[in-house]
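In this note's numbering, the protein residues as written are 24 to 621. Using N, Cα and C, we set each Cβ at its ideal position, and we do this for glycine too.
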Ligand code: F6R
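What follows is the structure, given as structure tokens:
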């Protein structure tokens, strides 16, 4: 995700850049850096960790009035000073900061290395500085545009050049705004970074190119055509804006899922092949053992269905807290896969160490780059879902399932079997289907009003929808404090059906799959006992309407992708019920985002 702030004006740039970075830290805080420029050249500072570490490195240096700065949430390359932004060209004359992912950076880097460029970092971003250098024949603007036109992926970029009082910037699928003050200009990832100085901002659009000097700013298309963008007065308070206008981080993170899923998938399905860099030797394993906690454990359960069906490899799933103490039978023919958003969960780390001691090959599916888990496994898959701030996990869960599907396809590929092209195509189109579900959020918000006073909830599903039921129940209970349970739908006959009466809402996840007819019978059993039925259905399965009191219709997708789609209405329902009960959704009682004690 990363945060960018740049300044050109009359104040000390240091003050503006550091204050701006502090406001952008929610976007990432594994390292930070900045670069000043004046007629004598460029001067940069970098530090690993939060912005306060960078502050300590900069004594004095108040004379500069132009600079760029960045706070990083690592995607390519571990958090380190070398990988921290700004990045430079070979001659240290051009400095850039970047937010996003340059998907074709490998090809660009290869080309630049052949031309003699020397790279120092492991980031995708560094190619941008070298590309500008490659095209620079005395006109920085034209070199910048030529460089940007070669980039694929998502980016917000700001560049400066030694000896020049000019900021150049552009964006594609990553946010960037201009702040306009009196004889001063700001460029930032988000409004809070500039709000202390001005509330006059321009929200840049994709492919806008901006050039700023002391006389003002010019916005053009990347093809060179001048365009006008509205200067808007910002009314919101700081806290609201940090949440991008959403009431809570949780809602923001639910709504972000089309983008975060696209980031998880980006560059991993190429020409109908899976491209991930796991160190697994074909034929070197007999089974996958997964361990995780909470929501991540639910992902692991879905992973078991996916891996066994797609790759035909045996899978076992454990709670990490159980695995670590039950003396599990582990051998070098096992791949131990740990799943964790934070990469810092104490039980998951302990389970990993247990598996290592047993001789297993180890891998992780993890969101936070450079986390302990990421560092301790043999190899892994990053989720690239961006920082998750709301305590209840939402976007990380969707990305974990997408990551597990990619892992399952990878295992199948390793065995030499062909991949289902239709599934690969649908995987790439998944963000669009997620957008369609999110478009129905208002309907779920009004449904939440009807259930905000309930004391209990049952979530039922079968097959891949069973772990989705577990996750739906967890989400509701942790933020609304309503007692909720998830069950395999057929199991209710063995006990829980005794709970059903007219006061028990039962949410069925009933999208079309091989068990669709069977779930209809389970629904009839609940209906016969006056239970209130909410059903998540896809358009192919509207006949459920006769049994359900409320229908939440989602788009039809490949059954192996359905858990991601079906979970989203459950996230929204939990969110809106908790909000309707007036609770602090982002900071539920007794919980912490990262559980670093056992
Ligand atoms: C629930 C939730 C937790 C986490 C669990 C594991 O919404 O967020 O159940 O899933 O604490 O955390 P990670 O994935 O960071 O290991």
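Separation of residue 513 and residue 489 (C-alpha to C-alpha, rounded to the nearest whole angstrom) is 10 Å. Residue 576 has its alpha-carbon roughly 11 Å from the corresponding atom of residue 591. In this model, residue 209 and residue 408 are separated by some 27 Å (Cα to Cα).
If you draw a straight line from the Cα of residue 76 to the Cα of residue 216, it comes to about 18 Å.
Around residue 81, the same chain offers 37, 68 as residues with beta carbons nearer than 7 Å, after the five sequence neighbours per side are excluded. In terms of CA proximity to residue 207, 223 leads the group 197, 223, 195. Counting only the Cα atoms, residue 142 lies some 8 Å from residue 136. Around the beta-carbon of residue 537, fewer than 16 other beta-carbon atoms lie within 10 Å, marking it exposed.
Look at residue 239 here: in three-state DSSP terms it is strand. For residue 485, the CB contacts under 7 Å within the same chain, skipping 5 residues up- and downstream, are 511, 512, 513, 538, 541, 542 in chain order. When the Cα atoms are used, residue 342 and residue 395 turn out to be separated by approximately 19 Å. DSSP places residue 357 outside any alpha helix (DSSP H); the residue lies instead in the beta strand (DSSP E), whose first and last residues are 357–363. With a threshold of 16 other beta carbon atoms within 10 Å, residue 364 meets it and is buried.
For residue 179, the beta-bridge partners assigned by DSSP are 122, 194. Straight-line measurement puts the Cα of residue 72 at about 42 Å from the Cα of residue 578.
Around the beta carbon of residue 153, 16 or more other beta carbons sit within 10 angstroms, so the residue counts as buried. Relative to the non-hydrogen atoms of ligand 1, the Cβ of residue 135 never comes closer than 8 Å to any of them. Ranked by Cα distance from residue 574, the first of 580, 584, 562 is 562. Residues of the same chain with a CB within less than 6 Å of the CB of residue 26, apart from the 5 flanking positions on each side, are 47, 50, 94, 212 in chain order. In the three-state reduction of the DSSP assignment, residue 94 falls in the strand class. Remark: C-beta atoms of residue 119 and residue 182 approach each other more closely than 9 Å. Every beta strand (DSSP E) stretch that sits fully inside the region 554–591 and reaches 3 residues is listed by chain position as 555–561, 573–577. A contact is defined here as three or more CB-CB pairs under 8 Å, and the region 184–202 meets this definition with respect to the region 225–234.
The three-state secondary structure of residue 511, taken from DSSP, is strand. Contact between residue 391 and residue 413 fails: their C-beta atoms lie close to 15 Å from each other, not under 8 Å. Taking the Cα positions, residue 205 is about 9 Å away from residue 221.
Secondary structure of residue 172 (DSSP, three-state): coil. Sorting 492, 572, 493 by C-alpha distance to the C-alpha of residue 525 places 572 at the top. Taking a C-beta distance under 9 Å as the contact criterion, residue 388 and residue 303 do not qualify as a contact pair. Where residue 396 is concerned, the enclosing alpha helix (DSSP H) starts and stops at 395–399.
Residue environment analysis places residue 602 among the buried positions, since at least 16 neighbouring C-beta atoms fall within 10 angstroms of its C-beta.
Inclusion of residue 313 and residue 360 in the CB contact set at 9 Å is warranted, their separation being smaller than that value. DSSP lists no beta-bridge partner residue for residue 425.
When beta bridges are read from the DSSP output, residue 26 appears opposite 94. In the three-state reduction of the DSSP assignment, residue 255 falls in the strand class. Within the DSSP bridge table, the entry for residue 528 names 555 as partners.
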